[in-house]
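Residue numbers (our numbering): 404 to 565.
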């Protein structure tokens, strides 16, 4: 009879002990502590890379606009990203001057990928030797207290190195 009871007790032992469950939870916690910062860093890097890709797209549009409308004369030119309906002159001072968006070189619905805010201004500046000086992108979203603006500036090295 005693052997029967012992066999029944051994037969009913199914499942995991508390120590085994705690060990699994600790291991999962360690994995999470390592993985979460890595995933966050990857997401941050991808946002920065997406902004640089947008800067590259704007740079390419500016090069196309200068080639088409200014006969390829890049020297000392400043091109509006979003301007009026006038011609692209290479001097970003007149509000009526055409811009890359208003002239159709860029989509009017472009957004800055890191913030998802619509690009609503900025300039592309070329040096006197015709190389890119910098690109300044203005993106903003209307909020209850006013407008938040995200400014991003890229130079040629940033656009080429990525």
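Cβ atoms here follow ideal geometry from the backbone N, Cα and C, with glycine treated the same way. Fair warning: this is a prediction, and the values are worked out from it, not measured in the lab.
query	result
Local Cβ density within 10 Å of residue 409, reported as buried at 16 or more and exposed below that	exposed
Nonlocal neighbours in the same chain, by C-beta distance under 8 Å from residue 467, ignoring five residues either side	508
Coarse secondary structure for residue 419, derived from DSSP in three states	coil
The beta strand (DSSP E) enclosing residue 477, as first and last residue numbers	Unbroken run through residue 477: none, as it is neither H nor E.
Cutoff 9 Å: residue 469 Cβ touching any chain C Cβ	This model lacks chain C altogether; it includes just one protein chain.
Three-pair Cβ contact test at 8 Å for the stretch 523–543 versus the stretch 441–461	yes
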